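Numbering (our numbering), first residue to last: 23 to 773.
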């Protein structure tokens, strides 16, 4: 009996133990699967690009411990992909809070950056030549973009990238500097050639943009592309014998400008909806360039290093690349961006863009090479003022920058902080292609649902690329026919010349009626951008153009606008007074103009430098008044020379168009002439002319909506001229009446 009980107990214990072991094993298996699933489902980084991403010059490289025969077959070694590269030092909390991405290579981190890679190697294979320890030959490295096929069902969450430096021939520029002793000026010449190649159609800039686009497309919409810039390379004091202080300055300046161009490209791609951002590393490397005391960039190694692919010829590929400490600095900068994106899911980096249902304005800015320095700085300030003024109303703003070609930097949106950041990052270079800027704006506005659509075009010169002359004007006219109103703001330094330049005439004709402005001082851009913004925002103005040797005065609410003042431009709370300095305009005073000529010659607001008139010198400037609609403004016009006056006054409709233009032509003027008129929206506009300054009006002219002023003779003068005739007629009537009465009396007596 006891044996049977003991046997049952033993069996029960055995079953319990076996069951426990099975559960334990199942639990361990589940834990293992769960951990595996966690890794598979966690985020992925793909690191692409050139030697600044691959870790050139930082040993050990992947594959370095292989035999020589194996090395030259190993794509990792041929690409000089370092185990200590900065992309491998990045961290993602969803992968590990303690380990870097290098610990998860080929599971959560995919590394295809290649030393020497150009933009063409993103989509194409890279033939690597080697001459290593008795072995020589070539081997193709796979196109970097193929990594997205290798991922299979997995998707990249982040892509890190440096690209473009080899397209810009960084290494060749450094070589030129090293041999500059034998060829002074070679560095500058080389850099100038690079910039020419950069801006040309299909050049470096277009290739970099295409690389970004291809990566974005293949990676998928979930991928966030982080483009890192390049550090300044050489100590500002130079390197002594190899690189002079001046050469160091030229090289570092070129790197800074190249970074600005890359950032502009990135912003342009971002505005097209690409999830891409730029990370600057310049500040982190300041003071740590090659040849500084604590350099984070390798100096020039004139002889090959042990792991160089070419063991026969120098300089080493390690030269002028970040060292191990430099890689840490790169990682720090990019990690900060990743942390920022992880914190809010990228909402601050890629905010939702939305325009306005009421009005959208495309701000098209000239950033050609001639705008560098102060003009560009003033343009930035003016554009920011424009943003703040337009956004005060229900309006959206998009930003386009153009030089040899155009880039959309911001889709229509109402986020002032974002727009101002885009504006602040503008940089200049290249030619002037106005057509490309207008075309980019047109494409943006075609997608806009706004009731009112505007283009604000700024330029400092005549286009030298794309459509020019009449073909460009025809294109602008086609935009206006689509209902787009075009404002043009010309920044011309020759406003005081004797005749208009082709650039001035072109900008006038591109503009819609009443929408052309000119300045000759960059500091004035701000005020005119603000005026344009006011108009776009719905503020109505009366436009008055007075072409003749006269002085003009307007007084309102304690403020005065007067052309007698020596200043070229005057501003009050109720309006502005500006001038055209071009004598060429005056030749039209006595001639009839076609409607098109009227539009183009009489609708210009300009600000030119003018000398104060002295003695009997007449003021031939064309006066332009823009007065806020509402009050009645009394305008006093005093002749200061001899000629004929053309006076134009225009009124806006509800859409802000100058739909009512009234014109008074060929009114004789002498130094004694005085004219009074009132600027106000009424059925008729009236000019009262005192020819000789005796205080009596000799002529009155009236013009109704879109009409030409017609003379209405003054009644007092008519009475004066007709009075002798009237007296004679009255006398004849009296005599005739008297005669009839006398005859009637005689007949009466006779009967």
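We treat Cβ as the ideally placed atom computed from N, Cα and C, and that holds for glycine. Please read these numbers as outputs of a predicted model, since none were measured by experiment.
Use the C-beta contact count for residue i: other C-beta atoms within 10 angstroms, 16 or more gives buried, fewer gives exposed.
i: residue 763; result: exposed
i: residue 239; result: exposed
i: residue 439; result: exposed
i: residue 661; result: buried
i: residue 678; result: buried
i: residue 424; result: buried
i: residue 699; result: buried
i: residue 281; result: buried
i: residue 157; result: exposed
i: residue 48; result: Because residue 48 carries a pLDDT of 41, less than 50, the predicted location of this residue cannot be relied on, and no value is offered for it.
i: residue 112; result: buried
i: residue 609; result: Confidence is the limiting factor: at residue 609 the pLDDT is only 41, short of 50, which leaves the residue's position unreliable, though a coordinate-based value still follows. With fewer than 16 other Cβ atoms within 10 Å, it is exposed.
i: residue 272; result: buried
i: residue 196; result: buried
i: residue 704; result: exposed
i: residue 754; result: exposed
i: residue 227; result: buried
i: residue 283; result: buried
Per DSSP, which residues does residue i bridge with? Please list them.
i: residue 146; result: None; residue 146 has no bridge partner.
i: residue 134; result: Beta-bridge pairing links residue 134 to no other residue.
i: residue 657; result: 576, 699
i: residue 343; result: Note: residue 343 sits in no beta bridge, so no partner.
i: residue 2; result: Here the chain has residues from 23 to 773 only, and residue 2 is not among them.
i: residue 734; result: 722
i: residue 184; result: 71
i: residue 583; result: 576
i: residue 278; result: Answer is none; residue 278 lacks a bridge partner.
i: residue 159; result: 152
Just to confirm the assignment, what range does the beta strand (DSSP E) spanning residue i have?
i: residue 476; result: 474 to 481
i: residue 686; result: 680 to 691
i: residue 649; result: 644 to 650
i: residue 564; result: 563 to 569
i: residue 674; result: 665 to 674
i: residue 423; result: 417 to 424
i: residue 511; result: 506 to 513
Would you check if the distance between the CB atom of residue i and the CB atom of residue j is smaller than 8 angstroms?
i: residue 497; j: residue 527; result: no
i: residue 99; j: residue 74; result: no
i: residue 363; j: residue 371; result: yes
i: residue 710; j: residue 689; result: no
i: residue 77; j: residue 119; result: no
i: residue 384; j: residue 463; result: yes
i: residue 254; j: residue 311; result: yes
i: residue 483; j: residue 510; result: no
i: residue 303; j: residue 250; result: yes
i: residue 163; j: residue 148; result: yes
i: residue 525; j: residue 508; result: no
i: residue 541; j: residue 657; result: no
i: residue 668; j: residue 555; result: no
CA-CA distance, residue i and residue j?
i: residue 85; j: residue 265; result: 34 angstroms
i: residue 733; j: residue 420; result: 48 angstroms
i: residue 486; j: residue 215; result: 19 angstroms
i: residue 545; j: residue 400; result: 6 angstroms
i: residue 501; j: residue 380; result: 19 angstroms
i: residue 548; j: residue 476; result: 18 angstroms
i: residue 716; j: residue 449; result: 60 angstroms
i: residue 333; j: residue 130; result: 35 angstroms
i: residue 87; j: residue 69; result: 23 angstroms
i: residue 775; j: residue 278; result: Residue numbering for the chain in the displayed model covers 23 to 773; residue 775 lies beyond these limits and cannot be assessed.
i: residue 583; j: residue 397; result: 28 angstroms
i: residue 537; j: residue 553; result: 11 angstroms
i: residue 223; j: residue 452; result: 11 angstroms
i: residue 756; j: residue 749; result: 10 angstroms
i: residue 759; j: residue 752; result: 10 angstroms
i: residue 185; j: residue 230; result: 7 angstroms
i: residue 428; j: residue 480; result: 13 angstroms
i: residue 597; j: residue 405; result: 21 angstroms
i: residue 79; j: residue 543; result: 50 angstroms
i: residue 718; j: residue 697; result: 11 angstroms
i: residue 62; j: residue 367; result: For residue 62, the predicted structure reports a pLDDT of 43, less than 50, and the residue's modelled location is therefore unreliable. A value from the coordinates is still provided. So the two alpha carbons sit approximately 20 angstroms from each other.
i: residue 319; j: residue 435; result: 41 angstroms
i: residue 559; j: residue 246; result: 36 angstroms
I'd like the span of the alpha helix (DSSP H) that includes residue i, first residue to last.
i: residue 98; result: 97 to 100
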